[in-house]
Amino acid sequence: MSTISTEPVRPGRASLLYDPKIRGYVYQLALLAVVGFLIYSAASNAIENLRAQKIASGFGFWHNASGFDVNQKLIPYDASTGTYGRAFWVGLLNTLLVAAIGIVLSTFLGFFVGVARLSTNWVVAKIAMVYVEVIRNLPLLLQLFFWYNAVLKPLPNPRQSIQLPAGALLNNRGLYIPDPHLGPGGSLIVWAFLFGIVATLIFRHWAHKQQAATGKQYPIGLVALGLIVLLPLAVYFVTGRPVSFVYPELAGFNLRGGIQIFPEFVALLLGLTTYTAGFIAEVVRAGILAVSKGQTEAANALGLRAGPTLKLVVIPQAMRVIIPPLTSNYLNLTKNSSLAVAIGYPDLVQVFTGTVLNQTGQAVEVVAITMAVYLTISLVTSLFMNIYNRRMALVER
Amino acid sequence: MTDATTELAPYAFVRKETLEQQAAPLSVAGPLAWVRNNLFSGPVNTLLTLLCVYIVVVSVPELVRFYFIDAVWTGANRDACLAEKVGRPVGACWAYVGDRLQYFIYGSYPISERWRVNIVFALFAIGVVWMLWNQAPKKKLGLFYFFVLMPIAAYVLLLGGAGAERLLRNGLIVSLVLAAIYAVLSFVPQLVGSYLGAANLAVVREASPLKRFSGPKQLVLFALVVFVLLGLLASSIGLPRVDTGLWGGMTVTFLIAAVGIVFSLPFGILLALGRRSKLPIIQLLSVIFIEFVRGVPLITVLFMANTMLPLFVPQEWSPDRLLRPLVGVAMFAAAYMAEVIRGGLQAMPKGQYEGAMSLGLGYWSMMRLIILPQALRIVIPGIVNTFIGLFKDTTLVTIVGIFDFLRTIEATLVDPTWATPTTRATGYAFAAIFYFLCCWGMSRYSISVEKRLAAGQKR
């Protein structure tokens, strides 16, 4: 018998053309070259075009006088002294305001509708289903037009304002609510309220620890009620009722006094809230359905009623499924708030990408800043939600 | 003994026959019990039911009255829909929708040329049915039609003019040349065989020239047929140029949606593959593009396309007003599509990749033949959902001044011809019906696909 060679067979040296490593380098270099060329040609074209159109570049416009006014502003700003930079902050704060309120409201409405869709009550479930199907299948812009043009615009003029409870007035210039003025000692009430919230949080933390250690339960709800509602009320009466309200009143053709909430804001908030709530409802429903039926049955077997079952057993487990898509819905709401430009609510896009861009013509800078803002908001939100998600995630061995 | 027992107990009653089965008591079965269990099982539930019923009773008859009973169905101008003129309460003014329907569909497209839009609608409908209908024959040909032929045909028909005719002529020439080459090639073995003697060539016996010619070459043939038809149409009737500024209405809405679909799928696949690639630069660039586009609102992308795109190209190439938002929408849709497709790629078991590699397939063959067909199939519902979002988002082009369907409605609302108190409610209702039917239809389709895909898991 001839000896069998034990030497490993060396693969023949393949052509460089077929070496996956080399090929990878070539592909990547080619892609880099193409992208680099695109960027280079875009930049050189932009420079040439801007020079031809005599448009300045750079961020020098930031401190230039803007010369336009904005109706809703959270920081002092007016047409005579305002700069483009100031207008940017006004717009950004308006965006954040509507997004923050919209997120809170749509979460409540969405959870409510989502749970209602799974209700054993046939009528409630069907109405929730119709709501979700209609809201989700219509463009948000159409809904905003509906709220703004078909609901809020036809309201009566200020002279025939609709009287709402607590002295609020509603007309086609917006919603007017009484303006609270704090007298001497009034700030104590605010402090008492803040103290109440902090104390409630501390108490809740302590109560949960106690329950985990001893099994004894404490009435968190009652304590919270006392600290957050009754304590400020008590302070209010002790300090001699220092809060006075300035009620909106008719003066000429308009209302004077009170806080005016602009119809654009109301329309945008209504539209965003109802729209996003439809999506959150589906997320919640999917999350609850993801919790196996055995969990509910086990809770029932332990003697828990429907409410506590939902609150203590189903929702905490459903939250793990709910949170990631909920985050993206929050982000969508924030991004969708840019539709404000269609109904004239002075958000970042309307003020900055609209008016400032038109006045300065510096498209590249303005659009880049706007995009950077939204990107930052997206990244920060996902960061926070990831942290929260990690805390809620199932802890396994 | 047994006899004695019965005698001893003459009063004992023994039933000899089975009783008829009784209906369940009303409290546990039947409609009444259902109502009690589902609607009035407790005080809270009862309250909720009553509240909901109240809402329905108050709103539904009012809506029916407004949109149907009191509605005005015919008329020439606003007088038909004014309560003072008609002498009765007036609800929705459907006469206005009927009057402006042409405008809603075609925008300001010249009336004599609207047949071109109709043909494009028909081509689009054929393409959609071909793609979506599960049992449709020749899916590959359908793909080619939807992603290559239909866009070219739509471009030629909608725009018209010298550019379109040149494109048509070039397409015709290219497909003719390709067809000729294929025809010659498929006859070559036959000729060679007859020269050398048929026995020397196995391939001759296997397939007739005709059969060999069809196969992959039918794409070329099909393209040839479409181009010839278009060419005949163009030369016999003529296709004068219609500027994009005149396009509008549902035409533009469907156009934007179609462009989004046609471009987002291939680019989305490439981006998804890039994001999953092991080559760091390709991966990085894909991730940057996807996350950047997904992190900003569509409006800013549209603003960018509208204001920055003309700056980035040489002055003489300055893109058309309609083309700019189309680029923005295509980019936007591609990024979202990439994430959906990535989900499908990640859901593929590793064995599929390894199996493909062990067969000796290279990267592209593996993706084309093994991975993508399976991955795309399982994400069809996600793709359709992206399309629903895309379809709703087409309305945003309104903001950069394109006359899409919603904008045409807004435009007619300020027109004094039909200015009545109820016109706005009617116009928005019409828009709502249009968008609802389209989106709801798509979502039904996606649900049916989901069911079909899940059929394998069911027992």
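Protein chains in written order, with my numbering: chain A, 368 to 764; chain B, 55 to 513. All C-beta atoms in this analysis are idealised placements derived from N, C-alpha and C, irrespective of residue type, glycine included.
With a threshold of 16 other beta carbon atoms within 10 Å, B/Asp447 meets it and is buried.
Residue pairing from DSSP places A/Val613 in a beta bridge opposite A/Asp546. Fully enclosed beta strand (DSSP E) runs of no fewer than 3 residues are not present anywhere in the segment 380 to 405 of chain B.
DSSP places A/Ile626 in the strand class (E or B) of the three-state scheme.
When secondary structure is reduced to three states using DSSP, A/Ile442 falls in the coil class, being assigned neither helix nor strand.
Contact annotation, A/Leu507 with A/Asn725: C-beta distance approximately 24 angstroms; criterion of less than 8 angstroms not satisfied.
The segment 275 to 294 of chain B and the segment 351 to 366 of chain B do not touch, with fewer than three beta-carbon pairs separated by less than 8 angstroms. In the three-state reduction of the DSSP assignment, A/Leu537 falls in the strand class, which pools E and B. Any Cβ of chain A closer than 7 angstroms to the Cβ of B/Asn99 would place that residue at the interface, and such an atom is present. Along the length of the segment 443 to 487 of chain A, whole alpha helix (DSSP H) runs at least 4 residues long occupy 451 to 484, reported in chain order. Counting the other CB atoms within 10 Å of its CB gives B/Phe441 a total of 16 or more, which places it among the buried residues. Residues of chain A whose Cβ lies closer than 9 angstroms to the Cβ of B/Thr103 are, in chain order, Asn488, Trp489, Val490 and Val491. Listed along chain B are Tyr482, each with a C-beta nearer than 7 angstroms to that of A/Phe513.
Within the DSSP secondary-structure output, B/Asp458 pairs in a beta bridge with B/Gly303. By the Cβ rule, the segment 481 to 497 of chain A counts as touching the segment 86 to 106 of chain B, because three or more pairs are nearer than 8 angstroms. For B/Val350, at least one C-beta of chain A is nearer than 7 angstroms to its own C-beta. DSSP places B/Val107 in the helix class (H, G or I) of the three-state scheme.
Among the residues facing chain B, A/Tyr741 is included, as its CB has a counterpart in that chain under 7 angstroms away. For A/Lys702, a Cβ of chain B is located within less than 7 angstroms of the residue's own Cβ.
Among the CB atoms of chain B, none fall inside 7 angstroms of the CB of A/Thr474. The residue among A/Val747, A/Val688 and A/Ala735 with its C-alpha nearest the C-alpha of A/Ser424 is A/Ala735. Taking the Cα of A/Ile628 as reference, the smallest distance to any Cα among A/Arg540, A/Tyr444, A/Ala483 and A/Phe435 is reached at A/Arg540. Secondary structure note for B/Asp133: it is in no alpha helix (DSSP H), with a DSSP letter that is neither H nor E. Chain A places a beta carbon closer than 7 angstroms to that of B/Thr449, counting this residue as a contact. The Cβ of A/Leu637 sits no closer than 7 angstroms to any Cβ of chain B.
Residue B/Pro143 holds the alpha-carbon nearest to the alpha-carbon of B/Glu116 among B/Pro143, B/Leu325 and B/Leu339.
With 16 or more neighbouring CB atoms inside 10 Å of its own CB, A/Gln439 falls in the buried class. Residue-level contact by beta carbon holds for A/Thr737 and chain B, with a gap shorter than 7 angstroms. Apart from sequence neighbours up to five positions away, the residues of its chain that approach A/Val733 with a beta-carbon distance below 8 angstroms are Phe719, Thr720, Val723, Leu724 and Thr727, ordered along the chain.
Here A/Val688 is not near A/Gly645, since their CB atoms are 7 angstroms or more apart. DSSP places A/Phe570 in the uninterrupted alpha helix (DSSP H) bounded by Gly553 to Thr581.
Separation of the CB atoms of B/Gly314 and B/Leu444 is rounded to 5 angstroms, and the pair is thereby assigned contact status at 8 angstroms. For A/Pro521, same chain residues with a beta-carbon under 8 angstroms away, outside a window of 5 residues either side, are Asn539 in chain order. Cβ-Cβ distances below 7 angstroms link B/Leu380 to Ile310 and Val313 in the same chain, with the five nearest sequence neighbours on each side left out; the list follows chain order.
Within the segment 386 to 398 of chain A, Pro387, Gly391, Tyr392, Tyr394, Gln395, Leu396 and Leu398 place their CB atoms closer than 9 angstroms to a CB of chain B, listed in sequence order. Distance between A/Gln729 and B/Pro351, taken at the CA atoms: about 20 angstroms.
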